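Have a look at the structure below before the remarks.
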Amino acid sequence: MKSLLLIVLFKLTTTYGSINVSCAETDEWPALPKETPSVLAKLTVSLAVMSEKASDAALNISWAINIDYSNKYLIGTEFIVNSKSYLCQYYPPFSEVNASGYEQWFHYTEIPAMPDTNYAVIGSNLPQSMSVERPQSKIFETPDCSHETMRQHSSCLRIAEIESEWEPNIISTFVNGQVEVSFTSSKHSTEYDLQLWRCNCATLTSCPSEIKCSEYISEDKAFSEGKSRWTRILNATGPCDSLLILISPFFNHCDVFCQEKIAPVDCSQREHPNYTLLLCLACITMVLIPVAFLIWYKTYKAHSELPQASAFVYVLVVYPAGNRAFQRAVVAFAEFLQSQLNCKVAIDMWEQGRMAEQGPVRWLTTHTECADKVAIVCTPRTALRENTAEHCQPTALRDHTVPASTDDVFSLALNMLEGQMKGLSALKKYCTVHLGDRPDTKHLPAALRVCKSFSLMKDVEKLGRHLQNTGTEAHYFPSVGLKPRALTGDAAGRLKNAIRELQTG
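Going by the working numbering, the sequence shown opens with residue 2, and the numbers climb by one from there.
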């Protein structure tokens with residue numbers, strides 16, 4: 002057996018009669034023999050407060066071992082907690098102790114617990130059986146910083162300090178159809194999202210509780226590397242009145258959902274209008290009024306038949322690993338959602354850096370909790386897979402050029418959905434999207450058969466109505482469901498071509 006690389010960061014010794022257990026983090030495991038012990042009897046996860054200080058909070062992992070003849074093969078128990086592995090070994094071994102009873106309980110309480118975090122705990126006895134029996138797993142969510150057990154946690158105190166000390170001092174001017182924005186960055190964030198909006202309210206103070214904006218203008222990003230103040234140029238359309246600047250920081254504790262800062266655009270330095278040009282434009286407009294009215298009426302009638310969304314929708318897109326053509330089609334779908342359905346999309350291809358830092362489990366659980374909808378994109382139906390249940394399977398179209406993390410995120414998403422199948426309200430958050438014809442439900446995994454299903458481009462309007470029906474009113478900026486000419490624009494064209502390439506490839 003290879004020597005174990007033990008990182009003595011967490012260690013516990015618990016005694017039950019004459020059997021003790023010792024746990025430590027490891028990344029190597031012994032070879033599997035032919036005979037294996039029975040699976041874990043039970044697994045529970047709770048919060049253990051080791052002292053009066055909330056910063057000492059830890060996970061309490063408790064498990065039960067069946068007392069049976071197979072224990073003579075038991076060499077230890079493996080736990081995987083958010084991608085970290087821990088090995089618990091028993092001494093003396095069960096085979097040397099005359100243990101009695103139906104089961105024996107053990108506890109491990111040395112893994113620190115962070116606030117507002119999902120911990121995915123998977124436990125299995127070693128050597129692990131190669132049968133179809135699945136290991137015990139639990140998902141445990143710790144309280145956030147508003148809970149009294151975590152209020153004095155060092156990370157909660159740090160979050161409050163970070164958010165309160167950032168004063169961006171936003172200065173913006175409107176010149177020659179552009180808005181120049183400068184702001185002070187925070188030492189805790191190197192990335193910022195700048196957005197320009199036109200709002201219904203005349204001034205910022207007239208909408209203190211909710212900023213009701215009707216038109217998204219433009220967007221830019223700033224990456225502050227060693228600079229304390231940044232300047233960016235945003236393209237503007239129309240007059241300067243009622244333009245607002247929104248700056249969203251990317252702090253580690255809130256990522257893309259951090260509290261934004263808002264400031265009105267300074268219109269005092271705008272250029273004087275060219276009255277001669279305005280007169281010419283007015284004459285041209287008078288000639289084109291009939292045509293413009295007909296175009297407007299046709300567009301308005303088509304748009305009025307769609308539901309009007311009352312909130313900005315955050316959509317998480319997950320998909321199985323496939324070939325490059327399938328992945329291009331998924332990215333085209335994400336771009337279509339963001340540009341034509343007014344969705345803010347999270348997808349692994351656009352956040353590979355953050356996924357590498359956080360790990361697939363934390364990245365997925367964070368986005369799943371914050372997202373309004375989760376769209377699961379399935380592989381297309383083909384003649385080769387018509388009679389097999391390979392649709393939406395992680396290895397259906399696997400290409401070695403596609404990152405392995407895509408499979409990990411997809412498998413974790415299916416497990417999370419499977420754990421929520423009994424909650425009808427939770428299932429409304431998920432939907433399946435087929436890039437082409439919709440397969441028979443028997444070809445889908447069981448967890449996806451109860452979700453709403455859409456096929457592109459046939460059900461694109463139904464998908465838009467489904468995504469906008471979030472049932473929440475927590476977002477600042479209203480948007481419409483499907484933009485005018487959305488199905489004939491560049492984003493729709495790229496999506497159609499990608500689907501066509503996928504079906505004929």
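Beta carbons are placed, not taken as given, at the ideal position from N, Cα and C, and that holds for glycine. In this text the structure is predicted, and so the values were computed from the model without any measurement.
Buried versus exposed, by CB contacts within 10 Å (16 or more), residue i
i	result
residue 24	buried
residue 291	exposed
residue 373	buried
residue 22	buried
residue 289	exposed
residue 199	buried
residue 79	buried
residue 239	exposed
residue 491	exposed
residue 283	exposed
residue 10	Residue placement at residue 10 cannot be trusted, given a pLDDT of 33 that sits under 50; the coordinates are not used to answer.
residue 77	buried
residue 343	buried
residue 117	buried
residue 2	For residue 2, the predicted model reports a pLDDT of 37, less than 50, meaning its position is unreliable and no value from the coordinates is stated.
residue 356	buried
residue 509	The structure shown does not extend to residue 509, since the chain is modelled only from 2 to 506, so the question has no answer here.
residue 281	exposed
Identity of the residue in the options nearest residue i by Cα
i	options	result
residue 259	229, 161, 267 and 173	161
residue 350	318, 380, 371 and 344	318
residue 178	122, 241, 77 and 330	241
residue 66	59, 75 and 58	75
residue 500	73, 190 and 381	381
residue 265	283, 470, 154 and 244	244
residue 347	89, 86, 357 and 335	335
residue 455	444, 434 and 442	434
residue 128	200, 155 and 40	40
residue 73	141, 495 and 93	93
residue 459	439, 443 and 451	439
residue 38	126, 285, 99 and 62	126
residue 157	442, 58 and 293	58
residue 42	136, 36 and 20	136
residue 441	152, 81 and 379	379
residue 237	505, 99, 285 and 197	197
residue 36	62, 81, 20 and 130	130
residue 313	354, 419 and 371	371
Under 8 Å between C-beta atoms of residue i and residue j
i	j	result
residue 375	residue 430	yes
residue 436	residue 449	no
residue 64	residue 107	yes
residue 345	residue 320	no
residue 46	residue 139	yes
residue 44	residue 124	yes
residue 195	residue 221	yes
residue 115	residue 143	yes
residue 360	residue 83	yes
residue 235	residue 180	yes
residue 414	residue 377	yes
residue 252	residue 172	no
residue 28	residue 174	no
residue 48	residue 112	no
residue 91	residue 26	no
residue 68	residue 97	no
residue 322	residue 407	yes
residue 190	residue 250	yes
residue 451	residue 488	no
residue 447	residue 337	no
Anticipated Cβ contact below 8 Å, residue i with residue j, distance rounded
i	j	result
residue 326	residue 192	With a Cβ gap of about 31 Å, residue 326 and residue 192 do not count as contacting.
residue 121	residue 362	5 Å
residue 70	residue 89	Contact flag wrong, Cβ pair sits at about 21 Å.
Minimum Cβ-Cβ distance from residue i to chain C less than 8 Å
i	result
residue 377	Judged by its chain identifiers, the structure shown contains no chain C, having just a single protein chain.
Proximity test, residue i beta-carbon vs the ligand ADP heavy atom, cut-off 7 Å
i	result
residue 435	Only the bare structure without any ligand can be found here, which leaves the ligand ADP out of the picture.
Self-check item: the stretch 358-367 contacting the stretch 458-468, beta-carbon criterion three pairs below 8 Å
Solution: no
Quiz prompt | the stretch 329-346 contacting the stretch 489-499, beta-carbon criterion three pairs below 8 Å | solution = yes
Exercise. Would you be able to state if there are at least three C-beta pairs under 8 Å between the stretch 181-199 and the stretch 162-170?
Key: yes
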